[in-house]
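For the record, in the sequence shown the residue sitting at position 117 is 116 according to numbering that gives the first Met the number 0, with numbers rising by one throughout.
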Amino acid sequence: MRNATCWLLGLSLVLGGAVSTFAQQAPDPDRAEAKEEAEGAAAEGPRSNLGYGVFVGQLFGDEISEFSFPGNLTPTLDDSTLLGGLLTLEIGERARFEIRLAASSTTVTDTPNGDIDGTLFMLDLAWIPRFGSGKVRWGVPIGAGWATFDEDGPFSMPGQIPQRDSSVIASGGSGVTYFAGLQAAIPLGRSTSIIFDGRLRRFHRLQNVLERTAKTSEVTVAVHWRR
0 MRNATCWLLG LSLVLGGAVS TFAQQAPDPD RAEAKEEAEG AAAEGPRSNL
50 GYGVFVGQLF GDEISEFSFP GNLTPTLDDS TLLGGLLTLE IGERARFEIR
100 LAASSTTVTD TPNGDIDGTL FMLDLAWIPR FGSGKVRWGV PIGAGWATFD
150 EDGPFSMPGQ IPQRDSSVIA SGGSGVTYFA GLQAAIPLGR STSIIFDGRL
200 RRFHRLQNVL ERTAKTSEVT VAVHWRR
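This is the structure we're talking about:
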């Protein structure tokens, strides 16, 4: 009995040592996956700080004139679809600089000449502090730019602008635009992300005379690539 006990004890020690050795040598699946991802990233090389993307969205308009023409007509920028592209530059891990160029085929309504079609162009320069990690990166785009409305025809006829020369007519204008907003970036792999962006915007001069600072808002969805 004593010999059997010693034999079992010895066998237990041998098996315990073998299991311990196997456990130390067996690969950890999580570590293996992390190592594989790291090796894949190393093989692709470091990512560039530059990125680019395209976006689509909706702009919600506002009145652009401080003067109401006879018939209580106040030229108003209509709601419209936005299309555009963007370039980005990463500034460390917590900030991004962004350039956006957008165009919108839209209409100015409630003018003495009826609804006037045209194209709104916007160039934005934004500084975007970023925070959060994991599946969502949040950002706060703040910046300014330039906007112009290229209209198909005048808003008014000569002589309809008060306290101005009779030859002056109301038409599209150009001026500074500034904005602030919130965005959420969701990564889709190592190089691609989807960016949801909402901005409150001010247009300084979308009408050439008696202009009003238009207060608009917009939402966009962008596909962004970074190599």
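Think of the CB as a built atom: it goes at the ideal place given N, C-alpha and C, for glycine as much as any other residue.
For this session: Just the C-alpha distance for Gly172 and Arg211, rounded to the nearest angstrom, thanks.
Result: For the purposes of this step, residue 172 is taken as the residue at position 173 of the sequence shown. For the purposes of this step, residue 211 is taken as the residue at position 212 of the sequence shown. Their Cα atoms are separated by approximately 11 Å.
Problem set entry | Cα-Cα separation, Gln159 to Leu72 | Indexing the sequence shown from 1 puts residue 159 at position 160. Indexing the sequence shown from 1 puts residue 72 at position 73. Separation of Gln159 and Leu72 (C-alpha to C-alpha, rounded to the nearest whole angstrom) is 12 Å.
Exercise. Any idea which residues DSSP pairs Ile141 with across the strands?
Worked result: Taking the sequence shown and counting its residues from 1, the one referred to as residue 141 is at position 142. For Ile141, which the question treats as bridged, DSSP gives the partners Trp126, Ala179.
Exercise. Relative to the alpha-carbon of Pro157, which residue among Ala102, Leu86, Pro111, Thr87 has its alpha-carbon at the smallest distance?
Worked result: Counting from one through the sequence shown, the residue named residue 157 turns up at place 158. That would be Pro111, whose Cα lies nearest to the Cα of Pro157.
Problem set entry | Close Cβ partners of Thr80 (< 8 Å) along its chain, the five nearest in sequence each way excluded | By 1-based counting over the sequence shown, the position of residue 80 is 81. Residues of the same chain with a CB within less than 8 Å of the CB of Thr80, apart from the 5 flanking positions on each side, are Val55, Gly56, Gln57, Leu58, Ser103, Ser104 in chain order.
Problem set entry | Span of the beta strand (DSSP E), counted from its first residue to its last, around Ser132 | Counting from one through the sequence shown, the residue named residue 132 turns up at place 133. First-last for Ser132: undefined, no H or E at that position.
Exercise. Would a C-beta distance cut-off of 7 Å place Thr118 and Thr75 closer than the cut-off?
Worked result: Within the sequence shown, residue 118 is the residue found at index 119, counting from 1. Within the sequence shown, residue 75 is the residue found at index 76, counting from 1. For the 7 Å CB-CB criterion, Thr118 and Thr75 do not form a contact.
Exercise. Unbroken beta strand (DSSP E) runs of length 3 or more, entirely within the region 74-128: which are they?
Worked result: Within the region 74-128, the complete beta strand (DSSP E) segments at least 3 residues long are 79-89, 94-110, listed from N- to C-terminus.
For this session: Run the CB neighbour count on Gly180, radius 10 Å, all protein chains shown included, and call it buried at 16 or more, exposed below.
Result: Locating residue 180 in the sequence shown gives position 181, where the first residue counts as 1. Burial call: buried.
Exercise. Could you give the residue range of the beta strand (DSSP E) that holds Phe54?
Worked result: Counting from one through the sequence shown, the residue named residue 54 turns up at place 55. Taken as a continuous stretch (DSSP letters only), the beta strand (DSSP E) holding Phe54 covers 49-59.
Exercise. For Val208, which residues from the same chain have a beta carbon less than 7 Å from its beta carbon, with the 5 sequence-adjacent residues on both sides left out?
Worked result: Start at 1 with the first residue of the sequence shown, and residue 208 comes out as number 209. Within the same chain, Val208 has close Cβ partners Ile160, Arg163, Val167, Ala169.
For this session: Give me the Cα-Cα distance between Val231 and Phe68, rounded to the nearest whole angstrom.
Result: Because the chain in this structure spans residues 0 to 226, residue 231 falls outside the shown range and cannot be described.
Problem set entry | Own chain, CB closer than 7 Å to Gly152, minus 5 neighbours either side, in chain order | If you number the sequence shown from 1, residue 152 lands on position 153. Excluding sequence neighbours, Gly152 sits near Asn112, Ile115.
For this session: Could you tell me the distance, in whole angstroms, from the CA atom of Thr87 to the CA atom of Arg200?
Result: As a first step, residue 87 is located in the sequence shown; it is residue number 88 there, counting from the start. As a first step, residue 200 is located in the sequence shown; it is residue number 201 there, counting from the start. A straight-line Cα-Cα distance of about 20 Å links Thr87 and Arg200.
Exercise. Which residues share a DSSP beta bridge with Gly171?
Worked result: Here residue 171 refers to the residue found at position 172 of the sequence shown. Gly171 pairs with Gln206.
Problem set entry | Range covered by the beta strand (DSSP E) that runs through Glu217 | On the sequence shown, residue 217 is found 218 positions in, with the first residue counted as 1. For Glu217, the enclosing beta strand (DSSP E) has its first and last residue at 213-225.
Problem set entry | Identified DSSP bridge partners for Glu150 | Reading the sequence shown from its first residue, position 151 is the one you call residue 150. Under DSSP, Glu150 forms a beta bridge with Gly117.
For this session: Check each candidate in Ser165, Ala146, Thr147 and name the one with the smallest Cα separation from Ser155.
Result: Along the sequence shown, one-based indexing puts residue 155 at 156. Ser155 has its Cα closest to that of Ser165, out of Ser165, Ala146, Thr147.
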